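Counting from 1, position 65 in the sequence shown corresponds to residue 65 in our numbering; the numbering is continuous, with no gaps. Think of the CB as a built atom: it goes at the ideal place given N, C-alpha and C, for glycine as much as any other residue. Remember, it's a predicted structure, so these values are computed and weren't measured experimentally. Okay, structure first, notes after.
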Amino acid sequence: MTTLAMDTQNKATGMRSVRAWLIVVAALIVCTLMVGGATRLTESGLSIVEWKPVTGTIPPLTDAEWTRQFEAYKTIPQYREMNRGMSLSEFKTIFWWEWGHRLLGRLIGAVFLLPFLWFLWRGVLPGPLKRKLWVIFALGGLQGAVGWWMVSSGLTERVSVSQYRLAVHFMLAVFIFSAIVWTLRRLQGAVPLAAPARVRITGRVLLALIFLQFYFGALVAGLRAGRVFNTWPQIDGAFIPTAARLFFEQPWWRNFFDNTLTVQFTHRMIAYTLVVLAILHAIDAIRSKASPAIVSRALWIMTAMIFQAAVGVLTLLNQVPIDLGLAHQAIAIFVLTLALFHAERLGGALPNRTPAKLRLVTGEGG
1 MTTLAMDTQN KATGMRSVRA WLIVVAALIV CTLMVGGATR LTESGLSIVE
51 WKPVTGTIPP LTDAEWTRQF EAYKTIPQYR EMNRGMSLSE FKTIFWWEWG
101 HRLLGRLIGA VFLLPFLWFL WRGVLPGPLK RKLWVIFALG GLQGAVGWWM
151 VSSGLTERVS VSQYRLAVHF MLAVFIFSAI VWTLRRLQGA VPLAAPARVR
201 ITGRVLLALI FLQFYFGALV AGLRAGRVFN TWPQIDGAFI PTAARLFFEQ
251 PWWRNFFDNT LTVQFTHRMI AYTLVVLAIL HAIDAIRSKA SPAIVSRALW
301 IMTAMIFQAA VGVLTLLNQV PIDLGLAHQA IAIFVLTLAL FHAERLGGAL
351 PNRTPAKLRL VTGEGG
């Protein structure tokens, strides 16, 4: 085997390792999002009132340490107004949820950084890919700080964290996950699929609306808006509530962030829009005789979107039990992943003549 052939083979092997590493990181982010959802639903997020990025990895190991943690929790409004009189055993339950969530965040940092440094040392990563991964790493570091910024909002004057900060924390995690998934797709080296302009546009609009829906879902969670107005298809006695009820806060735009009725109503309306658009997108892909791969993905997105809407209705009608709440979030992540796969391949550029294997080796398009 020639030196050039060996070098080509080593680079291909290295890129396979990079893809496997990023898949593990993406999977860990999904686990963290799910544990974060459970932490929110069990009201566990304020159980740890300190931020110790390094020593915080070690949980209480003695009765004295448990007592110290519990006494610290008793000083915040959530304990005094919501959990006064709770036992140490009950406190341990909420503590473990939050500790697990933070531990997963630290684990993601280590699992990302250590292999990243190794790949840099081995010279496996092309220049454009290195820059993207450095940006993702910086966002991950920012996410830790944003997490504490969120928790700190509930330690002095509130019994829960700020819904604004919760939404920022959640959306940053979603963007990091999306960036990794998008990078993974590019590393596969497949060319964009040719499709009519309308199909490409609606595919991207679907992805944008999914991000918007994630944001309002986070606001719903932060305001506990899913535990009120638990009827469907009516909300507050009508399919569309009165303007006086939707916009009673001033200035009017604050209702989209602080008014539980307006936030939940907006979340519903975006869901309806997504379902209708996903159906039209699938029909358009079929009628325009797009490639089988595009039609298949469009149908998958449509089916997943309808299923997600149905689970959302069940979750609402049952006032967000933890099992349905987590199922709703898990399916949302699945829908997002499908939409990312779909939008990334609807890149608009026609296939070029560069062999896919060569692009993979050189890192072109990564």
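Select from the options the residue whose C-alpha is nearest the C-alpha of residue i.
| i | options | result |
| --- | --- | --- |
| residue 167 | 195, 194 and 211 | 211 |
| residue 271 | 323, 243, 237 and 207 | 207 |
| residue 120 | 133, 108 and 109 | 133 |
| residue 291 | 239, 345 and 273 | 345 |
| residue 98 | 205, 116 and 51 | 51 |
| residue 249 | 240, 239 and 261 | 261 |
| residue 131 | 179, 160 and 318 | 179 |
| residue 158 | 122, 75, 202 and 231 | 75 |
| residue 318 | 228, 236 and 110 | 228 |
| residue 247 | 266, 38 and 106 | 266 |
| residue 223 | 155, 256, 118 and 244 | 256 |
| residue 215 | 336, 44 and 73 | 336 |
| residue 201 | 184, 280 and 146 | 280 |
| residue 150 | 41, 243 and 45 | 45 |
| residue 425 | 122, 64, 36 and 102 | With the chain represented from 1 up to 366, any question about residue 425 goes unanswered, as that position is not in the structure. |
| residue 88 | 73, 189 and 109 | 73 |
What number of angstroms, rounded off, separates the C-alpha of residue i from the C-alpha of residue j?
| i | j | result |
| --- | --- | --- |
| residue 176 | residue 263 | 25 Å |
| residue 197 | residue 148 | 43 Å |
| residue 59 | residue 91 | 13 Å |
| residue 350 | residue 25 | Residue placement at residue 350 is poorly supported in this model, since its pLDDT is 37, which falls under 50; the coordinates are not used for a value here. |
| residue 241 | residue 105 | 40 Å |
| residue 21 | residue 187 | 12 Å |
| residue 333 | residue 173 | 11 Å |
| residue 298 | residue 282 | 5 Å |
| residue 275 | residue 330 | 17 Å |
| residue 107 | residue 126 | 26 Å |
| residue 100 | residue 204 | 35 Å |
| residue 252 | residue 307 | 33 Å |
| residue 29 | residue 116 | 16 Å |
Please classify residue i as buried or exposed, where buried requires at least 16 other C-beta atoms within 10 Å of its C-beta.
| i | result |
| --- | --- |
| residue 226 | buried |
| residue 286 | exposed |
| residue 85 | exposed |
| residue 136 | buried |
| residue 324 | buried |
Skipping 5 residues on each side, what residues in its chain have a beta carbon closer than 7 Å to that of residue i?
| i | result |
| --- | --- |
| residue 218 | 166, 167, 170 and 171 |
| residue 278 | 206, 301, 302 and 305 |
| residue 95 | 47, 48 and 69 |
| residue 193 | 291, 293, 294, 345 and 346 |
| residue 34 | 326, 329 and 330 |
Below 6 Å CB to CB, which residues in the same chain sit around residue i once its five sequence neighbours on both sides are set aside?
| i | result |
| --- | --- |
| residue 300 | 338 |
| residue 354 | Residue placement at residue 354 is flagged as unreliable, the pLDDT there being 44, under the threshold of 50; the coordinate-derived value follows with that caveat. Answer for residue 354: no residue qualifies. |
| residue 259 | 249 |
Please go through the same chain and pick out, in chain order, the residues whose beta-carbon is closer than 8 Å to the beta-carbon of residue i, but skip the five residues on each side of it.
| i | result |
| --- | --- |
| residue 124 | 11, 14, 15, 17 and 18 |
| residue 327 | 311 and 315 |
| residue 233 | 239 |
| residue 31 | 104 |
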